[in-house]
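Count the sequence shown with my numbering and you get residues 1 to 393, in order.
Cβ atoms here follow ideal geometry from the backbone N, Cα and C, with glycine treated the same way.
As the structure is a prediction and not an experimental result, all values here were calculated from the model.
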Amino acid sequence: MSAHVLVAGGGIGGLCAAVALARAGQSVDVLEQAPRFGEIGAGIQLGPNVTRRLNSLGLHDALAGVAARPDALVVRNAADNAVLARMPLGDVILRKYGAPFLCVHRVELHGVLLATAHDMPLVTLTTDARISRVVTRGESVSVGASGAREWRGDGLVGADGLWSIVRERVVASTLPPRPTGHTAWRALVPCDSLPVRLRSADVQAWLGGQLHAVVYPVRGGDWLSLVVIAESEMTATDPSDWDQDSSAAALLHAMGNRCDGVRPLIEAMPAWRAWTVNSRPPVAGPDEMVNERIALLGDAAHPMVPHLAQGASMAIEDAVALADCVGDCGPGSLPDAFARYAAARWQRNARVQAQAKRDEDLFHSSGTMRLARDAALRVLGARLLDAPWLYEG
Ligand SMILES: Cc1cc2nc3c(=O)[nH]c(=O)nc-3n(C[C@H](O)[C@H](O)[C@H](O)COP(=O)(O)OP(=O)(O)OC[C@H]3O[C@@H](n4cnc5c(N)ncnc54)[C@H](O)[C@@H]3O)c2cc1C
């Protein structure tokens, strides 16, 4: 007999877990707090470590229909636009790692996962279900939402993001995530509304003092997604606190006069949304990911600064690893399967969290550290930008 698994949260991680677990033969209830399943507009980079896993879930064709496959990663100086380093992506990455480097609109990646989950008889999708209670009784886990609604399963996966409720049942002394002092501004623009000189089929990153910006193609290459991450005093925790005008004004203030190389692209964006960047210290052990019949994945377990562009990717890696460990096991074996999952995942997640933090320090460095960084990028180029430890994993 297979198990019944509850998944709290229908974001990229939760839906991916539902698809992967259902493919393994488990029945899954996905419980999402929002009135509709959805994602906010922004891009997402998917390295070969994660496209390989999405392909293993049978999503290759659906992904190919919406993703862009960038030609190269180009790193520039934000002050004068000079190229510091270049790494070919496209076929070079595909040959080296056996899977492509893709860029997608988050809404479209989420849509691919949602449509796949929707078509799976073993998956039940429920909205308007904000989980506020988690109770373990013997060999079952129950979760409750408003209106005295309750769901019971053999196990629970907390994929409920940065402000996870489920996390409290795994990490007893959990403190809230901490703001890093950085704000992320995101914008999307159709390429045909941009001057030709600002269009690009590459991932381009500009490094400046206390700021960096990354642009890449999405929607099959028809749109560009731009994210700017800067040290900023603004501390809104909810994007809805930000209106477009104050968001754009805060970005221009954070940029100062240091970023003339990337300014034309920033000024060409029609609208911005801003997020306060929060994170937690790296996962310290398997018991920070699993407690008996409750497992965490994605941002609920290991939120990270976005400098390595791997947060959603680690959520997807978690989801596939969880389903691999659970396989077609029955209810009685779920705690052992979850324990194997935590053992398999915690060190990689911790390493990626730590590397993302190191990249934050490096990307926004100044003085001699910045000079050394730029010199190393010029000399080592692709050898410094490539990440076999990450992409082969
Ligand atoms: C600026 C920026 C750029 C980024 N770029 C990249 C990138 O290029 N590549 C990449 O891999 N990652 C990137 N990330 C990271 C990525 O966005 C996150 O790591 C990822 O979205 C986490 O997915 P998740 O499913 O774990 O959580 P979430 O996406 O937060 O989903 C959680 C879901 O749970 C629901 N929920 C919450 N609480 C409850 C509850 N109590 N009951 C029921 N449902 C609940 C929420 O409504 C939501 O649907 C970036 C992040 C930022 C800020």
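Measure how close the beta-carbons of residue i and residue j come, nearest whole angstrom, since I'm counting them as under 8 Å.
{"i": "G161", "j": "G10", "result": "Actually they are not in contact, since the Cβ atoms of G161 and G10 sit about 10 Å apart, beyond 8 Å."}
{"i": "Y216", "j": "P70", "result": "6 Å"}
{"i": "M87", "j": "A67", "result": "Wrong, their Cβ atoms sit about 19 Å apart, outside the cutoff."}
{"i": "E392", "j": "Y97", "result": "7 Å"}
{"i": "T124", "j": "D260", "result": "T124 to D260, Cβ: 53 Å. No contact."}
{"i": "P177", "j": "P303", "result": "6 Å"}
{"i": "L109", "j": "R293", "result": "Rounded, the Cβ-Cβ distance is 29 Å, inconsistent with contact."}
{"i": "S279", "j": "T180", "result": "6 Å"}
{"i": "S146", "j": "S132", "result": "7 Å"}
{"i": "L384", "j": "A85", "result": "6 Å"}
{"i": "A184", "j": "V227", "result": "6 Å"}
{"i": "I40", "j": "R130", "result": "About 18 Å; that fails the 8 Å criterion."}
{"i": "I12", "j": "L102", "result": "With 8 Å as the limit, I12 and L102 do not qualify as a contact, their Cβ atoms being about 14 Å apart."}
{"i": "N349", "j": "R169", "result": "Wrong, their Cβ atoms sit about 19 Å apart, outside the cutoff."}
{"i": "W466", "j": "P264", "result": "Residue 466 lies beyond the residue range present for the chain, which begins at 1 and ends at 393; the question has no answer from this structure."}
Quick check on DSSP: helix, strand or coil for residue i?
{"i": "A8", "result": "strand"}
{"i": "S240", "result": "With a pLDDT of 47 at S240, under the threshold of 50, the modelled position of that residue is not reliable, and the figure given next carries that caveat. Helix."}
{"i": "A337", "result": "helix"}
{"i": "P176", "result": "coil"}
{"i": "S56", "result": "helix"}
{"i": "R258", "result": "coil"}
{"i": "S225", "result": "strand"}
{"i": "P388", "result": "helix"}
{"i": "R199", "result": "coil"}
{"i": "V305", "result": "coil"}
{"i": "G144", "result": "strand"}
{"i": "V19", "result": "helix"}
{"i": "L113", "result": "helix"}
{"i": "P190", "result": "strand"}
{"i": "S279", "result": "strand"}
{"i": "A284", "result": "coil"}
{"i": "L162", "result": "coil"}
{"i": "V320", "result": "helix"}
{"i": "V50", "result": "helix"}
{"i": "G14", "result": "helix"}
{"i": "A79", "result": "coil"}
{"i": "G332", "result": "helix"}
{"i": "V66", "result": "coil"}
{"i": "A274", "result": "strand"}
{"i": "G393", "result": "coil"}
{"i": "R36", "result": "coil"}
{"i": "R133", "result": "strand"}
{"i": "E360", "result": "helix"}
{"i": "S366", "result": "coil"}
{"i": "A24", "result": "coil"}
{"i": "M405", "result": "No answer is possible for residue 405: it lies beyond the span of the chain, which begins at 1 and ends at 393."}
{"i": "Q310", "result": "coil"}
For ligand 1, is there any heavy atom lying closer than 7 Å to the beta carbon of residue i?
{"i": "L207", "result": "no"}
{"i": "A309", "result": "yes"}
{"i": "P264", "result": "no"}
{"i": "W275", "result": "yes"}
{"i": "I12", "result": "yes"}
{"i": "D160", "result": "yes"}
{"i": "A8", "result": "yes"}
{"i": "D299", "result": "yes"}
{"i": "S313", "result": "yes"}
{"i": "R186", "result": "yes"}
{"i": "V320", "result": "no"}
{"i": "I294", "result": "no"}
{"i": "V134", "result": "no"}
{"i": "A34", "result": "yes"}
{"i": "I93", "result": "no"}
{"i": "V379", "result": "no"}
{"i": "I40", "result": "no"}
{"i": "A213", "result": "no"}
{"i": "V477", "result": "Residue 477 falls outside the range modelled here, since the chain spans only 1 to 393, and no answer is possible."}
{"i": "L31", "result": "yes"}
For residue i, write down the residues that DSSP places opposite it in a beta bridge.
{"i": "D29", "result": "L6 and T124"}
{"i": "A230", "result": "T183 and L211"}
{"i": "H105", "result": "G43"}
{"i": "V218", "result": "W223"}
{"i": "N291", "result": "I294"}
{"i": "N349", "result": "According to DSSP, N349 bridges with nothing at all."}
{"i": "L73", "result": "M87 and V203"}
{"i": "E150", "result": "G144"}
{"i": "G155", "result": "V5"}
Is residue i a contact residue of ligand 3, with contact defined as CB to any heavy atom under 7 Å?
{"i": "P306", "result": "Ligand 3 is not among the ligands present in this structure, which contains only ligand 1."}
Please report whether the beta-carbon of residue i lies at a distance below 8 Å from any beta-carbon of chain C.
{"i": "I44", "result": "Given the protein chain composition of this structure (a single chain), no chain C is represented."}
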